[in-house]
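Worksheet: the structure to be examined is printed underneath.
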Amino acid sequence: MSLGARVVVGRGSLALDVEVDVADGEVLAVLGPNGAGKSTLLRVLAGLLPPDAGSVVLDGSTVWDDDGVHVPAHRRDLGMVFQDHLLFPHLSVTDNVAFGLRTRGVRKAAARAAAAGWLARVGLDDLGDRRPGRLSGGQAQRAALARALVGDPRVLLLDEPLSALDARTRLVVRAELRRHLAEFAGSTVLVTHDPVDAMALADRVVVVEDGRVVQTGTPDEVNRRPRTDYVARLAGLSLLPGTGEGRAVRLDAGGVVAVAEETSGPVFAAVRPESVALYLTRPEGSPRNVWAARLVGATPHGATVRCELTGEVPLVADVTAAAFAELGLLPGAEVWATVKASEVAVYAR
Amino acid sequence: MSRSRSGGAGVPAPLLVPAALAVAFLVLPVVGLLVRTPWSSLGPQLTGPGVGAALRLSLVSATLATLLSVVMGVPLAWVLARSRIRGRTVLRALVTVPLVLPPVVGGVALFLVLGRQGLVGRWLDEAFGITIPFTTTAVVIAETFVAMPFLVISVEGALRAADARFEDAAATLGADRWTTFRRVTLPLVAPGIAAGAVLCWARALGEFGATITFAGNFPGTTQTMPLAVYLALQDDPEAAIVLSLVLLVVSVATLSLLRDRWLGRRGAAL
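Take a look at the structure:
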């Protein structure tokens with residue numbers, strides 16, 4: 001393991017207690033809502049915040065433990081990228097990138113040459129003489145990545161590196177970041193609240209809520225089989241906890257969902273919004289799941305309209321804009337929601 | 001610095017009237033000084049004995065006091081703003097005492113400590129044969145004592161306003177706290193330090209009470225401009241006016257010069 005840590009921090013309402021292990025070359029995404037403790041975890045790994053208890057092992061050497069090993073941030077071999085880049089405003093872009101080399105004793109000319117090399121790698125060849133204030137958001141974040149990677153650290157920590165960017169820039173920078181991470185030999189920890197970042201960049205995802213790890217797995221697993229409402233909502237799924245009884249799931253909140261597989265014991269039933277069909281009158285025929293529901297919210301979502309439904313079974317349905325108009329749906333409308341049994345994913349809790 | 005809106009429209013009368021009074025109150029004395037200046041005899045008065053010496057002494061001692069204040073005050077401001085040592089609140093209260101202490105009292109206090117019979121002064125005298133009171137050194141010490149808190153307060157404010165996360169970023173780039181201070185913190189708060197130094201210098205230039213108490217009033221060695229003005233007022237009011245005018249011109253010229261060079265670009269509050 002190139003990075004292994006257990007971090008315990010109690011601060012105000014936050015009680016953080018998580019373990020992370022990241023192998024060489026692996027990208028671990030720490031996904032969670034604001035206030036879950038993700039950034040606190042990252043600050044502890046970086047050495048910017050002392051944990052109440054725990055240990056941090058970087059590249060085989062302990063940099064923090066409860067027996068008095070306390071290596072400060074500046075002597076840990078890591079690079080960090082912050083949400084709002086934090087490029088030093090009084091230094092040129094080149095000097096920003098060269099900063100980490102200069103503090104580690106590299107001579108000025110050599111450091112600037114290395115910085116120029118990295119600026120070329122992130123596509124900022126011509127902007128080295130500029131002040132950070134004259135860079136666009138995307139350019140600044142690229143420069144920040146170059147600054148973090150120029151010293152060839154063993155560990156790269158990314159704190160919401162894309163969330164300050166506008167949607168289009170985010171797309172481009174995310175693709176570039178993916179390429180740089182693929183070339184990076186060390187361990188990467190990416191903190192984000194955006195599941196798309198996690199899915200696009202990470203090999204493994206840790207979901208943190210209220211200071212605890214609630215789920216770990218590959219991005220695909222987490223996406224398809226969420227274990228908490230937060231993740232389900234991010235993945236766009238309706239998550240229905242219940243008890244498996246053969247080909248039916250008796251939901252904890254009331255109601256029964258018909259499923260295609262036999263299950264027993266505590267399970268989750270997850271329904272994709274595009275699997276939900278809406279009707280004004282109760283449909284006859286094949287679908288096994290039919291529920292009365294009331295439309296409580298509708299937001300355009302690309303070519304479809306995402307409809308929030310309450311009723312015996314709370315659901316989210318995606319219907320095409322045309323169908324939405326045809327049905328003449330208004331908030332408060334009574335509808336019938338149907339889902340085929342084969343479209344319900346069911347897995348153990 | 002806020003951009004002024006065109007015209008006085010929109011200013012409520014309860015604010016406008018006192019504000020206008022305040023302007024009159026602050027500006028009229030300066031106008032009075034200019035009106036009463038004996039412009040015809042300005043030349044001879046300026047070249048009169050003691051004027052040049054007092055002005056030179058004032059400028060040199062205020063500048064030295066400012067340098068001392070920067071060298072000691074900036075680190076102190078850092079300690080107050082960034083360190084987590086205990087008793088910081090008490091420390092801040094202590095170092096800002098000279099702000100509220102009447103300068104004459106400050107002079108007496110300095111005398112009790114650094115005078116020949118003082119706590120430190122006696123030792124200095126016996127061990128090194130150094131006597132501080134009534135020397136130019138005493139002028140600089142008195143001015144530093146009174147003016148340094150202005151710099152400390154102003155730089156501490158700048159440090160608190162500066163984003164400390166830049167220092168986190170520097171730490172992740174291998175910079176220890178000293179390197180971070182030199183290469184990141186100091187450049188970030190440079191405008192605040194400049195503003196504080198200007199305040200400090202202006203305060204030191206105008207210092208009267210502590211100086212006359214602790215350093216005395218000896219032409220050439222301890223008689224600074226404010227002392228010369230006060231003394232001249234007793235027997236030659238015209239000379240006092242001229243000296244005051246010189247002090248006014250020097251202060252305003254220095255402030256505007258520094259403001260354009262250092263403070264203008266970032267719009268610091270001076």
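One line per chain: the protein sequences are A and B, in this order. The numbering used here applies: residue 1 is where the first sequence begins, and numbers increase by one. The numbering used here applies: residue 1 is where the second sequence begins, and numbers increase by one. Glycine included, each C-beta is placed from N, C-alpha and C at the ideal position.
Residue-chain proximity (residue i, chain B), Cβ-Cβ < 8 angstroms
| i | result |
| --- | --- |
| A46 (chain A) | yes |
| A73 (chain A) | yes |
| R147 (chain A) | yes |
| H70 (chain A) | no |
| G100 (chain A) | yes |
| F82 (chain A) | yes |
| R134 (chain A) | no |
| R380 (chain A) | With chain A covering only 1 through 349, there is no way to say anything about residue 380 (chain A). |
| R131 (chain A) | no |
Contacts that residue i makes with chain B (C-beta to C-beta distance below 9 angstroms)
| i | result |
| --- | --- |
| L124 (chain A) | Neighbours of L124 (chain A) on chain B: none; closest Cβ ~18 angstroms, over 9 angstroms. |
CB contact flag (residue i, residue j, <8 angstroms)
| i | j | result |
| --- | --- | --- |
| E274 (chain A) | D220 (chain A) | no |
| V155 (chain B) | V74 (chain B) | yes |
| L16 (chain A) | V207 (chain A) | no |
| P103 (chain B) | A210 (chain B) | yes |
| A248 (chain A) | A258 (chain A) | yes |
| L181 (chain A) | L78 (chain A) | no |
| G137 (chain A) | L165 (chain A) | yes |
| E312 (chain A) | W336 (chain A) | no |
| R6 (chain A) | G174 (chain B) | no |
| V191 (chain A) | S39 (chain A) | yes |
| R224 (chain A) | A348 (chain A) | no |
| L258 (chain B) | V229 (chain B) | no |
| V189 (chain A) | L28 (chain A) | yes |
| A77 (chain B) | L16 (chain B) | no |
| A303 (chain A) | A323 (chain A) | no |
| T94 (chain A) | A120 (chain A) | no |
| A73 (chain A) | G47 (chain A) | yes |
| L86 (chain A) | A143 (chain A) | no |
| F184 (chain A) | R165 (chain B) | no |
Residue i - partner residues in DSSP beta bridges
| i | result |
| --- | --- |
| M80 (chain A) | A:L157 |
| G107 (chain B) | Bridge partners of G107 (chain B): none, in fact. |
| H180 (chain A) | DSSP, once it has assigned bridges, lists no residue as partnering H180 (chain A). |
| R11 (chain A) | A:L14 |
| P241 (chain A) | A:F268 |
| V249 (chain A) | A:G244, A:V257 |
| Q215 (chain A) | A:V207 |
| H70 (chain A) | A:W64 |
| H301 (chain A) | A:T304 |
| G4 (chain A) | A:D21, A:V57 |
| Y279 (chain A) | A:W336 |
| A318 (chain A) | It should be noted that the sequence gives Asp, not Ala, for residue 318 (chain A). Note: D318 (chain A) sits in a beta bridge opposite A:R306. |
| N289 (chain A) | A:V339 |
Contacts of residue i in chain B (Cβ-Cβ under 7 angstroms)
| i | result |
| --- | --- |
| L86 (chain A) | R165, F166, A169 |
Interface residues of chain B facing residue i [CB-CB closer than 8 angstroms]
| i | result |
| --- | --- |
| R78 (chain A) | Per the sequence shown, the amino acid found at residue 78 (chain A) is Leu instead of Arg. Within 8 angstroms Cβ-Cβ: T172. |
Neighbour list for residue i in chain A, Cβ cutoff strictly below 7 angstroms
| i | result |
| --- | --- |
| V184 (chain B) | F88 |
| P191 (chain B) | Near P191 (chain B) there are no residues of chain A at all, since even the closest Cβ is about 11 angstroms away, more than 7 angstroms. |
| L188 (chain B) | H90 |
| T179 (chain B) | T103 |
Contact with chain A by residue i, beta-carbon distance below 8 angstroms
| i | result |
| --- | --- |
| T89 (chain B) | no |
| A175 (chain B) | yes |
| M1 (chain B) | A caution first: M1 (chain B) carries a pLDDT of 41, below 50, which makes its placement in the model unreliable, though a value can still be read off. Taking Cβ atoms only, chain A never reaches closer than 8 angstroms to M1 (chain B), which makes this a no. |
Heavy atom of the ligand SAM within 7 angstroms of residue i beta-carbon
| i | result |
| --- | --- |
| Q83 (chain A) | The model depicted lacks the ligand SAM and carries no ligand whatsoever. |
Pairs of beta-carbons, one from the region 107 to 120 of chain B and one from the region 186 to 195 of chain B, closer than 8 angstroms: are there three or more? No: the two stretches stay apart, fewer than three of their Cβ pairs being nearer than 8 angstroms.
On the three-pair Cβ rule with 8 angstroms, is the region 15 to 35 of chain B touching the region 218 to 229 of chain B? The region 15 to 35 of chain B, when compared against the region 218 to 229 of chain B, does not touch it at the 8 angstroms Cβ threshold.
Taking 8 angstroms as the threshold, find out whether the region 130 to 145 of chain B comes into contact with the region 60 to 67 of chain B through three or more Cβ pairs. With the cut-off at 8 angstroms, the region 130 to 145 of chain B and the region 60 to 67 of chain B touch.
Contact between the region 228 to 243 of chain B and the region 35 to 55 of chain B is defined here as three or more beta-carbon pairs at a separation below 8 angstroms; is this criterion met? Cβ pair count under 8 angstroms is three or more, so yes.
Three-pair Cβ contact test at 8 angstroms for the region 19 to 30 of chain A versus the region 195 to 209 of chain A: Touching, per the Cβ criterion.
With a cut-off of 8 angstroms, do at least 3 Cβ pairs link the region 193 to 210 of chain B to the region 105 to 113 of chain A? When C-beta atoms of the region 193 to 210 of chain B are compared with those of the region 105 to 113 of chain A, fewer than three pairs fall below 8 angstroms, so the two segments do not count as touching.
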